[in-house]
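As structure tokens, the structure follows; a few thoughts come after it.
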Amino acid sequence: MRRSQAVFLDRDGTISEEVGYLSSIDRFRMLPGAARAIARLNASGLKVIVITNQSGVARGYFPETFLGEVHEKLGVELAREGAHLDGIYYCPHHPDGTIERYRRDCDCRKPGIGLLQRAALEHNLDLPSSFVVGDKYLDVETGFRAGARSVLVLTGYGADLYASESRTWPRQPGHVAKDLAEAVDWILKQTLKR
Numbered sequence: 003m004r005r006s007q008a009v010f011l012d013r014d015g016t017i018s019e020e021v022g023y024l025s026s027i028d029r030f031r032m033l034p035g036a037a038r039a040i041a042r043l044n045a046s047g048l049k050v051i052v053i054t055n056q057s058g059v060a061r062g063y064f065p066e067t068f069l070g071e072v073h074e075k076l077g078v079e080l081a082r083e084g085a086h087l088d089g090i091y092y093c094p095h096h097p098d099g100t101i102e103r104y105r106r107d108c109d110c111r112k113p114g115i116g117l118l119q120r121a122a123l124e125h126n127l128d129l130p131s132s133f134v135v136g137d138k139y140l141d142v143e144t145g146f147r148a149g150a151r152s153v154l155v156l157t158g159y160g161a162d163l164y165a166s167e168s169r170t171w172p173r174q175p176g177h178v179a180k181d182l183a184e185a186v187d188w189i190l191k192q193t194l195k196r
């Protein structure tokens, strides 16, 4: 069976507003145009998977169950625009966490690729023909490590990090986009070239 292409999206700063550690559901807000951008990916036949580090769980800022509430709200917001996610994968761990059961080094914390590998197995995805989109260098590096193409968005932390640090990055993103909508424009052009 032929494996599918996917677009792996960071959550905070890429799909939703970056607010530091999101610990209250009323602080969750979609970025303008993000839901419509995801709907375009859905219409193209690409799988759309969220991959997100959520070390606030390990740090004791919020319980793991809170992530379920946030992701349920995300699904509702997307559905209003006719969009959906094919999966959400998160890492609750951190080596300096205060909650013992989440305190560890793991392969699922980006830039590790454990989340992508799990998604690829469960959704029959082809990582080398896929894309990773996020607002930090660790998202870009995650893409490189998985053999996928990386896109940096200038929302969230993206613009500041790109302006101040990109010259020191060991590898540059395949594309830099103003926001998720512009990233999707570029991704769809790449998929047409295949």
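Using this note's numbering, read the sequence shown as starting at 3 and increasing by one per residue. Cβ atoms here follow ideal geometry from the backbone N, Cα and C, with glycine treated the same way.
- Ala150 - DSSP class collapsed to helix/strand/coil: In the three-state scheme derived from DSSP, where H, G and I count as helix and E and B as strand, Ala150 is classed as coil.
- Message: Which residue wins for smallest C-alpha separation from Met3, given the options Asn126, Ala150 and Asp141?
- Response: Per the Cα distances, Asn126.
- Query: If we count Cβ pairs, one from each stretch, closer than 8 Å, do we get three or more for the stretch 60–73 versus the stretch 116–130?
  - Reply: The stretch 60–73 vs the stretch 116–130: no contact.
- Which ranges does the beta strand (DSSP E) cover as unbroken runs of at least 3 residues, wholly within the stretch 25–92, from first to last along the chain? Counting only runs of at least 3 residues, the stretch 25–92 fully encloses the following beta strand (DSSP E) elements, listed from N- to C-terminal order: 49–55.
- Task: Put Asp107 into one of helix, strand or coil per three-state DSSP.
- Result: The three-state reading of DSSP puts Asp107 in coil, since its state is none of H, G, I, E or B.
- Query: Skipping 5 residues on each side, what residues in its chain have a beta carbon closer than 6 Å to that of Tyr23?
  - Reply: Answer for Tyr23: Gly58 and Tyr63, listed in chain order.
- Task: Assess, as a yes-or-no matter, whether the stretch 142–149 is touched by the stretch 76–92 under the definition of 3 or more beta carbon pairs within less than 8 Å.
- Result: Per the Cβ contact rule, the stretch 76–92 is not in contact with the stretch 142–149 (fewer than 3 Cβ pairs under 8 Å).
- Query: If we call anything under 8 Å between Cβ atoms a contact, is Asp137 one with Thr16?
  - Reply: Going by C-beta atoms, Asp137 is nearer than 8 Å to Thr16.
- Query: Going by other Cβ atoms of all chains shown within 10 Å of its Cβ, with 16 needed for buried, is Lys49 buried or exposed?
  - Reply: Under this definition Lys49 is a buried residue.
- Message: Measuring alpha carbon to alpha carbon, tell me which residue in Asp98, Ala60 and Val52 is nearest Gly77.
- Response: Comparing Cα positions, the closest option is Val52.
- Query: Opposite Gly136 in the DSSP bridges: which residues?
  - Reply: Answer is Leu154, bridged to Gly136.
- Query: Which value, in whole angstroms, describes the spacing of the CA atoms of Ala45 and Asp28?
  - Reply: Between Ala45 and Asp28, the alpha-carbon positions lie close to 30 Å from each other.
- Mind checking which residues open and close the alpha helix (DSSP H) that includes His125? Its alpha helix (DSSP H) spans residues Gly116 to His125.
- Message: How far does the alpha helix (DSSP H) with Val186 in it extend, from its first residue to its last?
- Response: Here the alpha helix (DSSP H) through Val186 covers Leu182 to Lys195.
- Rounded to a whole number of angstroms, what is the C-alpha to C-alpha distance between Arg106 and Ala81? One C-alpha to the other measures close to 35 Å.
- Nearest CA to the CA of Asp181: which residue from Glu167, Ser168, Lys191 and Tyr159? The shortest Cα separation from Asp181 among Glu167, Ser168, Lys191 and Tyr159 belongs to Tyr159.
- Message: On a Cα-Cα basis, can you pick out the residue from Ala185, Ser152 and Ser18 that is closest to Arg173?
- Response: It is Ser152 whose Cα lies nearest to the Cα of Arg173.
- Message: Quick check on the burial criterion: 16 or more other C-beta atoms within 10 angstroms. Buried or exposed for Ala165?
- Response: With fewer than 16 other beta carbons inside 10 angstroms of its own, Ala165 counts as exposed.
- Query: Hey, quick one: how far does the alpha helix (DSSP H) through Leu163 stretch, first residue to last?
  - Reply: Here the alpha helix (DSSP H) through Leu163 covers Gly160 to Glu167.
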